[in-house]
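Trainee: First to last, the sequence lines map onto chains A and B. Residue 170 in this note's numbering sits at position 167 of the first sequence; the count goes up by one each step and never skips. Residue 132 in this note's numbering sits at position 129 of the second sequence; the count goes up by one each step and never skips. One structure is given below, represented as structure tokens, and several questions about it will come after.
Number of protein chains: 2
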Amino acid sequence: MKAAAALARTPGRDRQASLISSAASLFAAKGFNGTTTKEIAKAAGVSEALVFKYFPTKRALYAAILAEKAPLSELLNAVEAVARTRDDHRVFTLIAGYRIRPGADPTMLRLLLFSALEGHELADMFFGKQHRVFYDYLAGYIRTRIDEGAFRRIDPLLAARAFIGMVVHHRLLHEIFEVPLHCPHKDIVRTYVELFLKGLQRPAAAKKRGLTRVR
Amino acid sequence: MKAAAALARTPGRDRQASLISSAASLFAAKGFNGTTTKEIAKAAGVSEALVFKYFPTKRALYAAILAEKAPLSELLNAVEAVARTRDDHRVFTLIAGYRIRPGADPTMLRLLLFSALEGHELADMFFGKQHRVFYDYLAGYIRTRIDEGAFRRIDPLLAARAFIGMVVHHRLLHEIFEVPLHCPHKDIVRTYVELFLKGLQRPAAAKKRGLTRVR
DNA sequence: TGACGGTGAGTAACCACTCACTCACCGGAC
DNA sequence: GTCCGGTGAGTGAGTGGTTACTCACCGTCA
Chain A
4 MKAAAALART PGRDRQASLI SSAASLFAAK GFNGTTTKEI AKAAGVSEAL
54 VFKYFPTKRA LYAAILAEKA PLSELLNAVE AVARTRDDHR VFTLIAGYRI
104 RPGADPTMLR LLLFSALEGH ELADMFFGKQ HRVFYDYLAG YIRTRIDEGA
154 FRRIDPLLAA RAFIGMVVHH RLLHEIFEVP LHCPHKDIVR TYVELFLKGL
204 QRPAAAKKRG LTRVR
Chain B
4 MKAAAALART PGRDRQASLI SSAASLFAAK GFNGTTTKEI AKAAGVSEAL
54 VFKYFPTKRA LYAAILAEKA PLSELLNAVE AVARTRDDHR VFTLIAGYRI
104 RPGADPTMLR LLLFSALEGH ELADMFFGKQ HRVFYDYLAG YIRTRIDEGA
154 FRRIDPLLAA RAFIGMVVHH RLLHEIFEVP LHCPHKDIVR TYVELFLKGL
204 QRPAAAKKRG LTRVR
């Protein structure tokens, strides 16, 4: 009940969360080195000193941001469910659609890139655990479909990287380099999936797509 | 002859060049904000004060780095020559091969990303003039091939972005996120080009330029 | 009372940048 | 040869401002 009472008020937790979200958008906007603790405090509406009451160092605050987010697990679950139906089109549309959905928050992409570039060990926490799993999962799906005779014989990992590359790069252009989209979101996803699946499918399998039952 | 004598020695030019190259690798490694002028001076083997004899500000030194490099023009010329032959395979192989050639220096890619993320106007100098032209050029080629009936009807700009995305993303994974290549460079390029061209070409176009049923 | 959320006013270290200065070298006058 | 003034490469020792981080202290509740 002490815990419940604490949870009911918890100004501390609120402060902590608002500090984390303020810091996240600032780090994403200007990088770790480019952001000062004073700015973070101002954005969260508290004094600079309070930042150091909650987080011993600036870097600890950075780590807390990454620890808070688990961005890909729900997508992985969704993909896994669709993947069982062997509807390739839906699988790839789901992935592409998730990665470049219209109102997506660019914060995490920027933070990921900054982490990787600024090169400290935090980038691994971010990238290593989440994203590599994702590439491997898609590569596994492609490998299965090759074995089933639906896809052409092609390196599954390269194919997975190629597809995610297409999509992520598009997001990169749009969100980081601010290149305009130039056509509706649905068309972008459709074009990418179409383009990619045509290259992946065996000519014969393309006619009756998704219904091959070869084991 | 005074100028000729000055050019014969030119310790100034040497210093300037070594400052630029020292700064380039430091900025690429740690970002603009993450690099101090003291470090740059030490890397170039001079005093910090001398840096400011050659460049009025740290940012001017950054600008000098970008001004020094013109990384894509020679590729564009090569592609333009091959493009006239209408050998799609060679065109795409040339682009992919250039972008992910084995010993490529990751400095400029890192610098480009840092510039874009740190968000100052210098990123535009870098990205705007060189890379956008490149996307447009490839999109133009794809549009021509669609008109000629060799490629399927697909958004040319999206297709261009998709292909460059595949390749650039691979480089990104390798150089920035240090993901191992896992197969020979030639195989990577071949797989990407094969995958992409299969998706782009009209099914019948490979054999003859006759009419094909659409969808 | 005292634990707790919160702060103003620091501190030492570090930042980009400046300045007064040294020194090697040069062409020319003697 | 040697003295000379001029020049430009190069530097040690700063400058003021900013940084991450600290600490004594305050008001408010249980």
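All C-beta atoms, glycine included, are put in the ideal place defined by N, C-alpha and C.
Thinking C-alpha only, which one of Phe35/B, Val49/B, Ala165/B and Lys45/B is nearest leucine 64/B?
Mentor: Minimum Cα distance to leucine 64/B is reached at Phe35/B.
Trainee: Using a C-beta to C-beta distance shorter than 9 Å, which residues of chain B count as neighbours of aspartate 108/A?
Mentor: Residues of chain B passing the Cβ test: none, with the nearest at roughly 16 Å.
Trainee: Short check: CB of valine 192/A to CB of alanine 99/A, under 9 Å?
Mentor: The answer is yes: Cβ separation under 9 Å.
Trainee: With distance defined between alpha-carbon atoms, name the residue in Arg89/A, Thr60/A, Ala20/A and Ile179/A nearest to glycine 143/A.
Mentor: Answer by Cα proximity: Arg89/A.
Trainee: Helix, strand or coil for phenylalanine 35/A? Go by DSSP, reduced to three states.
Mentor: Three-state result, phenylalanine 35/A: coil.
Trainee: Considering only residues of the segment 118 to 187 of chain B, which uninterrupted beta strand (DSSP E) runs meet the minimum length of 3 residues and lie entirely inside it, listed in chain order?
Mentor: Counting only runs of 3 or more, we get nothing.
Trainee: Would methionine 169/A pass as a contact of histidine 92/B if the rule is Cβ separation under 9 Å?
Mentor: No; because the gap between Cβ atoms is not below 9 Å, this pair is not in contact.
Trainee: According to the neighbour-count rule (16 or more other Cβ atoms, all chains shown, within 10 Å of its Cβ), is aspartate 158/A buried or exposed?
Mentor: Classification for aspartate 158/A: buried.
Trainee: Have a look at the DSSP bridge pairing and note the partners of glutamine 204/B.
Mentor: In the DSSP output, where bridge partners are listed per residue, glutamine 204/B has Phe154/B.
Trainee: Which of the three DSSP states, helix, strand or coil, is assigned to valine 49/B?
Mentor: DSSP places valine 49/B in coil when its eight states are reduced to three.
Trainee: If you compare alpha carbons, which of Cys186/A, Ile145/A, Leu200/A and Arg205/A is closest to leucine 105/A?
Mentor: Checking the sequence shown, residue 105/A turns out to be proline, not leucine. When only C-alpha atoms are compared, the closest one is Cys186/A.
Trainee: Are the Cβ atoms of isoleucine 23/B and alanine 67/B separated by less than 9 Å?
Mentor: Yes, the pair counts as a contact, with Cβ atoms nearer than the cut-off.
Trainee: What residue range does the alpha helix (DSSP H) around phenylalanine 95/A cover?
Mentor: Run containing phenylalanine 95/A: 91 to 102, per the alpha helix (DSSP H) assignment.
Trainee: So arginine 174/B and leucine 120/B are supposed to be a Cβ contact under 8 Å. How far apart are they, rounded?
Mentor: At roughly 17 Å, the Cβ-Cβ gap does not stay under 8 Å, so arginine 174/B and leucine 120/B are not in contact.
Trainee: Can you find a CB in chain A that lies within less than 9 Å of the CB of lysine 41/B?
Mentor: No, its Cβ sits nowhere closer than 9 Å to a Cβ of chain A.
Trainee: Can you say whether alanine 86/B is buried or exposed, counting buried as having 16 or more other CB atoms within 10 angstroms of its CB?
Mentor: When all chains shown are included, alanine 86/B counts as buried.
Trainee: At a Cβ cut of 7 Å, what residues of the segment 84 to 114 of chain B count as close to chain A, listed as they run along the chain?
Mentor: Residues passing the 7 Å Cβ filter: Arg113.
Trainee: So arginine 62/B is in the alpha helix (DSSP H); what residue range does that whole segment cover?
Mentor: Run containing arginine 62/B: 61 to 71, per the alpha helix (DSSP H) assignment.
Trainee: Since leucine 203/A and phenylalanine 154/A should fall inside the 8 Å C-beta cutoff, what is the C-beta to C-beta distance between them, to a whole number of angstroms?
Mentor: Sure, about 5 Å apart at Cβ, within 8 Å.
Trainee: What residues of chain A sit near histidine 173/B, judged by a beta carbon separation below 7 Å?
Mentor: Result: Arg164 and Gly168.
Trainee: Can you pull the chain A neighbours of leucine 141/B, defined as C-beta to C-beta under 9 Å?
Mentor: Near leucine 141/B there are no residues of chain A at all, since even the closest Cβ is about 13 Å away, more than 9 Å.
Trainee: On a CA-only basis, which of Leu69/B, Ala163/B and Tyr101/B is nearest leucine 141/B? Give me that one, please.
Mentor: With distances taken between Cα atoms, leucine 141/B lies closest to Ala163/B.
Trainee: Using DSSP with H/G/I as helix, E/B as strand and the rest coil, what is arginine 18/B?
Mentor: Three-state DSSP puts arginine 18/B in a helix.
Trainee: When burial is assigned at 16 or more other CB atoms within 10 Å of the CB, is arginine 148/B buried or exposed?
Mentor: With 16 or more other Cβ atoms within 10 Å, it is buried.
Trainee: Take the Cβ of serine 25/B as the centre, count every other Cβ of all protein chains shown within 10 Å, and call the residue buried at 16 or more, exposed below.
Mentor: Answer is buried; the Cβ neighbour count reaches 16.
Trainee: Can you tell me the Cα-Cα spacing of serine 21/A and leucine 79/B, whole angstroms?
Mentor: C-alpha separation (whole angstroms): 48 Å.
Trainee: Comparing C-alpha positions only, which one of Leu114/A, Ser118/A, Glu151/A and Leu160/A sits nearest to valine 136/A?
Mentor: The residue with the shortest Cα to Cα distance from valine 136/A is Leu160/A.
Trainee: Would you mind telling me which residues of chain B sit closer than 9 Å to leucine 203/A, beta carbon to beta carbon, in chain order?
Mentor: Those are Leu198, Lys201 and Gly202, listed as they occur along chain B.
Trainee: If you reduce the DSSP assignment to three classes, tell me which class alanine 26/A lands in.
Mentor: Reduced to three states, the DSSP call for alanine 26/A is helix.
Trainee: Spatial neighbours of glutamate 71/A within its chain, please: CB distance less than 7 Å, with the 5 preceding and 5 following residues excluded, ordered by chain position.
Mentor: Excluding sequence neighbours, glutamate 71/A sits near Ile23.
Trainee: If we ignore side chains and look at the alpha-carbon of each, how far apart do proline 206/B and phenylalanine 95/B end up?
Mentor: Looking at the two C-alpha atoms, the distance is approximately 18 Å.
Trainee: Is the beta carbon of leucine 114/A closer than 9 Å to that of alanine 27/A?
Mentor: Contact: yes.
Trainee: Can you give me the Cβ contacts of threonine 1/B inside the same chain, cut-off strictly under 7 Å, excluding the 5 residues immediately before and after it?
Mentor: No answer is possible for residue 1/B: the residues shown for chain B start at 4 and end at 218.
Trainee: Measure the C-alpha to C-alpha separation of glutamate 77/A and isoleucine 167/A and round it to an integer number of angstroms.
Mentor: Their backbone Cα atoms lie some 17 Å apart in a straight line.
Trainee: Near leucine 184/B, which residues of its chain fall below 8 Å by C-beta distance, leaving aside the five closest residues on each side in sequence?
Mentor: Here the set comprises His177 and Ile191.
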